[in-house]
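In UniProt numbering, the protein residues as written are 1 to 449.
By construction, the Cβ of each residue, glycine as well, lies at the ideal position given by its N, Cα and C atoms.
Working notes, structure below.
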Ligand code: UDP
C-alpha cells in the first residue's frame with residue numbers, strides 16, 4: 001500500500017479566471033493533506049502560479065492556441081477546439097509521467113476523460129459551478145431534443161416555468177451568447193458526460209442546494225462531493241489576481257456608515273454597453289447612497305476611458321460619495337461592514353463570496369449559468385433582487401434604495417446573514433462541506449491504493 005505522499009494526483013484547471021482559483025483552493029487543500037499534486041495547465045492563458053503554490057508541481061501542455069484564436073473562433077468554438085487539441089498532448093504527457101494515480105479535471109476541459117479511460121486511470125470531474133447549473137444544462141438538452149424550447153423571439157413563452165424544474169423559467173436556462181445552440185449542445189454533452197467517472201466534486205455546499213445535489217447524484221449515479229465554498233478553507237496560497245487590486249478603496253469604505261454602500265462589479269468577463277454604463281452612473285448619482293464601482297479596463301464596449309460619463313457623476317465621485325476602481329480586493333470589500341449590497345452579474349464565485357459575507361445582492365445576469373444563479377439567489381435563498389430588461393437610471397436608483405434603505409432590503413440582509421452562518425458551519429470540523437472533503441479524500445485513497 002502506498003503512503004499518502006506517494007499518491008500522485010494530476011489536476012487540470014480550465015484556463016479561465018472564474019475557474020482557476022476554486023480548483024487551486026482544492027489542490028492546495030489536498031496537498032496539505034499529504035497528496036502529491038501536479039497541476040497541468042494549458043499554454044493558452046498561461047499564468048505562473050508556482051510562486052503562490054510552492055508545494056505543488058506545475059506542467060504546461062503546448063496547445064498552440066492564442067488570444068486571437070479565442071477572438072476569431074468565439075468562446076464556445078474555442079473551448080471545443082481547446083479540448084480536441086489538448087487530448088493527444090495530455091496522453092503524451094501521461095505516457096511520459098507514468099506514475100500518476102488519479103486525475104481531477106474541470107468539467108469544461110473534459111479532454112482528460114478519454115485519456116484516463118485509455119490509460120485505465122481513475123478520474124473525477126470538478127465543477128466550479130452550482131449543482132443547479134449542472135442539472136439545468138441537462139434540462140436544456142432534454143427540452144432542445146424534444147423540440148420544447150420556445151423560440152427566442154417568443155417572449156411570453158420564455159417567461160413560463162420549465163416543467164418539473166421549479167423555480168426556473170425557460171429564459172433562465174443556460175443558453176449562451178457565444179455561439180450556436182447546435183454547438184452548445186455538443187459542448188454540454190461533453191461537459192455532462194460524467195457517469196464513467198469516480199465522482200463529481202462541486203464548489204457548492206449541501207446547505208445551499210441539497211436538492212440539486214441529490215438530483216445530480218441520482219442523475220449520474222456516482223458520488224457527488226459538495227466541498228465548497230472552497231475559498232473558505234484555509235489554503236496555503238491564493239491565485240494571483242487578474243489586475244492589481246486597488247486596496248485604497250478599503251480606506252474609502254472605512255469612511256462610510258455601516259451597511260450604507262453598494263458595491264458594483266461584473267466579474268472578469270462581462271462586457272457592458274456604453275448606454276448601460278451611463279444609466280448605471282446616473283442611477284447611482286440619484287440613489288444618494290455611497291457606491292464603490294469596479295470598471296474593468298476595456299469592459300465598456302467602444303470606450304477606452306471614462307470621459308464619457310456625465311459631469312454630475314464625476315462630481316459625485318470628486319465629492320467622495322462614490323469611488324471607482326479598475327479591480328477591487330473583492331473578498332475583503334464584501335467582508336467590510338460598510339457594504340450593504342452587491343450589484344453583480346451572478347458569476348458563481350461572486351455569488352459564493354457574497355453568501356459567505358452575508359451581503360444581499362442585486363442580480364443582473366448576462367449569459368450562461370448566471371441566470372440560473374440569479375434565480376437561486378432571488379427565488380430560492382431570497383437574498384437578492386433580480387433586474388430584468390433594459391437598464392435605466394430610475395431602475396438603478398430604485399433597486400439600490402430597495403436593497404440598502406427599504407425594509408425589504410433589511411429582510412434580505414437578515415436572510416443573507418442566516419445563510420452565511422449556515423455556510424460557515426458547513427466548512428467547520430463536522431460540517432457538511434468539511435465532511436464531504438474528508439469523504440472525497442477517502443474515496444481517492446481507496447481508488448489509488
Ligand atoms: N474579482 C475581484 N475583483 C474585482 C472583480 C472580481 O477579485 O474587482 C474576482 C471575484 O472575487 C471572483 C472573480 O473575480 O472571485 C469573478 O468570478 P465570477 O465567477 O464571479 O465571475 P466571472 O469572472 O467568471 O464571470
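Asked                                                                                                     : Found
heavy atom of ligand 1 below 6 Å from residue 267 C-beta                                                  : yes
Simplified DSSP state of residue 252, which is helix, strand or coil                                      : helix
For residue 381, the first and last residue of its enclosing beta strand (DSSP E)                         : Careful: residue 381 lies outside any beta strand (DSSP E) and carries neither H nor E.
Exposed unless 16 or more other CB atoms sit within 10 angstroms - verdict on residue 428                 : exposed
Near ligand 1: residue 18 beta-carbon under 6 Å from a heavy atom                                         : yes
Short Cβ contact (7 Å threshold) for residue 10 with residue 96                                           : no
Exposure label - residue 186; buried when at least 16 CB within 10 Å                                      : exposed
Candidates 174, 242, 297, of which the one nearest residue 143 by Cα                                      : 174
Beta-ladder partner(s) of residue 263, from DSSP                                                          : 292, 342
Three CB pairs or more closer than 8 Å across the region 342-356 and the region 369-386                   : yes
Beta strand (DSSP E) runs contained entirely in the region 79-150, provided each spans 3 or more residues : 102-106, 123-127
Three-pair Cβ contact test at 8 Å for the region 35-55 versus the region 146-160                          : no
Inter-residue Cα distance where the pair is residue 382 and residue 412                                   : 7 Å
Near ligand 1: residue 277 beta-carbon under 6 Å from a heavy atom                                        : no
Closer than 6 Å: residue 349 CB and nearest ligand 1 heavy atom                                           : yes
Member of 320, 282, 424, 243 whose CA lies at the smallest distance from the CA of residue 391            : 282
Rounded Cβ spacing between residue 90 and residue 111 (contact assumed at less than 8 Å)                  : 6 Å
Coarse secondary structure for residue 321, derived from DSSP in three states                             : coil
Cβ neighbour criterion (16 or more within 10 Å) applied to residue 368                                    : buried
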